[in-house]
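Colleague:
Numbering (our numbering), first residue to last: 27 to 173.
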């Protein structure tokens with residue numbers, strides 16, 4: 027999949043998350059989260075935040091602050107350590123728009139707001155995480171249960 031196709035795919039996913047939340051009467055402009063994937067060792071959540079809420083996040087890097095707009099989507103990766111404690115492993119700004127989430131009307135509008143640098147960092151981290159998670163998950167399977 028090319029970088030452009032991947033960005034289009036993510037934009038489409040984010041657009042559908044907003045529309046789905048609206049259908050469930052969620053006030054999308056106030057912020058919401060969508061847990062996209064969960065396993066015993068990893069969780070992937072998309073968090074949609076307004077500019078005001080995102081700028082309240084402590085230690086937000088200056089380069090990220092410059093990209094923050096009225097509406098924003100962050101991809102958050104949490105990993106569970108050997109003791110079962112979840113820890114945030116990565117937070118990536120992958121989308122921002124001057125419009126409120128409720129005013130986004132198409133996947134192409136979402137694509138216009140994709141933050142390529144954040145999406146690239148997120149993609150690299152999720153690939154590395156999944157690569158290391160698959161062998162661990164396979165090792166945890168009990169072969170006797172397959173009979």
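Just so it is clear, CB atoms sit at the ideal spot from N, CA and C, and this is done for glycine as well.
Got a sec? Which residues, its chain only, sit under 8 angstroms from residue 151 by beta carbon, not counting five neighbours each side?
Modeller: As a first step, residue 151 is located in the chain shown; it is residue number 125 there, counting from the start. Answer for residue 151: 103, 115, 116, 118, listed in chain order.
Colleague: For the structure I just gave you, are there three or more beta carbon pairs, one from the stretch 142 to 149 and one from the stretch 44 to 54, closer than 8 angstroms?
Modeller: no
Colleague: Report the partner residues of residue 158 according to the DSSP bridge assignment.
Modeller: Position 132 of the chain shown holds residue 158. None; residue 158 has no bridge partner.
Colleague: With a threshold of 7 angstroms on Cβ separation, who are the neighbours of residue 168 within its own chain once the five nearest residues in sequence on each side are excluded?
Modeller: In the chain shown, counting from the first residue as 1, residue 168 sits at position 142. Because residue 168 carries a pLDDT of 47, less than 50, the predicted location of this residue cannot be relied on, and no value is offered for it.
Colleague: Would you report the Cα separation of residue 95 and residue 41, rounded to the nearest angstrom?
Modeller: Start at 1 with the first residue of the chain shown, and residue 95 comes out as number 69. Start at 1 with the first residue of the chain shown, and residue 41 comes out as number 15. In this structure, the CA atom of residue 95 is about 17 angstroms from the CA atom of residue 41.
Colleague: What residue from 154, 98, 137 has the CA that sits closest to residue 35's CA?
Modeller: Stepping through the chain shown from its first residue, residue 35 is reached at position 9. For residue 35, the nearest C-alpha among the options comes from 137.
Colleague: Would you list the residues sitting across from residue 99 in a DSSP beta bridge?
Modeller: For this step, residue 99 is matched to residue 73 along the chain shown. Residue 99 has 74, 121 as its beta-bridge partners, per DSSP.
Colleague: Is the beta carbon of residue 123 less than 8 angstroms from the beta carbon of residue 97?
Modeller: Mapped onto the chain shown, residue 123 falls at position 97. Mapped onto the chain shown, residue 97 falls at position 71. Yes. Within cutoff.
Colleague: Per the DSSP calculation, residue 43 is bridged to which residue(s)?
Modeller: Position 17 of the chain shown holds residue 43. Answer by DSSP bridge pairing: none, since residue 43 is not bridged.
Colleague: Identify, in the order they occur along the chain, each residue of the same chain with its Cβ nearer than 7 angstroms to the Cβ of residue 62, setting aside the five sequence neighbours on each side.
Modeller: For this step, residue 62 is matched to residue 36 along the chain shown. Residues 70, 71, 72 of the same chain have their beta carbon placed closer than 7 angstroms to that of residue 62, with the five preceding and five following residues left out of the count.
Colleague: Put residue 85 into one of helix, strand or coil per three-state DSSP.
Modeller: If you number the chain shown from 1, residue 85 lands on position 59. Correct three-state label for residue 85: coil.
Colleague: Three-state secondary structure (DSSP) at residue 27?
Modeller: Against the chain shown, residue 27 aligns to sequence position 1. The DSSP-derived three-state label of residue 27 is coil.
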